[in-house]
Amino acid sequence: MVSWIGTRLFYAIFFFFLGAWVASVSPGMKNVLRQTSEAGVHSFEKLSAWTSSTLAPAPEKAVEKATAPAAPAAAPEGGELLVNARAAYARQDILSSINAYRGYIDRNPNTIEARGELGNVYFSSARLHDAAQVYFEAAMLKLKSGDVAGAEAFLSAVRQGDGALGDDLKREIAKAETPKK
40 MVSWIGTRLF YAIFFFFLGA WVASVSPGMK NVLRQTSEAG VHSFEKLSAW
90 TSSTLAPAPE KAVEKATAPA APAAAPEGGE LLVNARAAYA RQDILSSINA
140 YRGYIDRNPN TIEARGELGN VYFSSARLHD AAQVYFEAAM LKLKSGDVAG
190 AEAFLSAVRQ GDGALGDDLK REIAKAETPK K
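Taking our numbering, the leading residue of the sequence shown gets 40, the next gets one more, and so forth.
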């Protein structure tokens, strides 16, 4: 058993250093590694920018004097489900979190935020195909609202979970970017 582990460890170290050496002397390999890392960083930056612009709190507005008190804004239906979903996820109760997100989405079918969060729950629990499906739905809602950049932010995550669905999303984005005659 010890020799088996030692052999595997030896080969792992050997091939790691061989790869590092090849990357340092081969211009082609350098370009492949650079392009791959740049693509990953670019995708992450797009998703991060969309997330921060969508989920960031709105800047405080100047308070104006009103003659009558403003009516309270209507909360989305099932708002307690969203709170419960987030709390369940914080407790690492994945199944309860998924069920609460699904209930909230059923009551608020046009919610992008909850779909994104549900996708994150699936993604963090290694259910990549389910995450891809939910991210795809969120991206389609973004396209429906005219936010092509927001939809593009989901593309790499969708492709990671389901390549075919990622291709479908890419086609839908291309359609949305094409000027209508």
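We treat Cβ as the ideally placed atom computed from N, Cα and C, and that holds for glycine.
Around the beta carbon of Ala139, 16 or more other beta carbons lie within 10 angstroms, which makes this residue buried. Looking only at Ala177, Tyr128, Ile44, Ile133, the smallest Cα-Cα distance to Ile144 is reached by Ala177.
Going by DSSP, Arg141 is part of the alpha helix (DSSP H) stretching over 133-146. The beta carbon of Asp201 lies closer than 6 Å to those of His168, Ala171 in the same chain, with the five residues before and after it left out. Taking all protein chains shown into account, Phe54 has fewer than 16 neighbouring C-beta atoms within 10 Å of its C-beta and is therefore exposed.
Exclusion of the five residues before and after Leu120 leaves Ala139, Tyr140, Gly142, Tyr143, Arg146 as the residues of its chain whose Cβ lies within less than 8 Å of its Cβ.
Phe193 sits in coil when the DSSP states are folded into three classes, being neither helix nor strand. Straight-line spacing of the CA atoms in Ser184 and Ser163 works out to 27 Å.
Between the beta-carbon of Leu182 and that of Ala190 there is about 5 Å, and that keeps the pair under the 8 Å contact cut. Of all alpha-carbon atoms in Val160, Ile133, Ala127, Met179, the one lying nearest the alpha-carbon of Thr150 is that of Met179.
DSSP places Arg125 inside the alpha helix (DSSP H), whose first and last residues are 118-129. In this chain, Gly185 is not harboured by any alpha helix (DSSP H), its DSSP state being neither H nor E. The shortest CA-to-CA distance from Asn159 to any of Met40, Val187, Val197 is the one to Val197. Take Ser136, set aside five residues on each side of it, and the residues of its chain with a beta-carbon closer than 6 Å to its own are Ala124, Ala127, Tyr128, Val160, in chain order. A distance below 7 Å separates the beta carbons of Val173 and Leu157.
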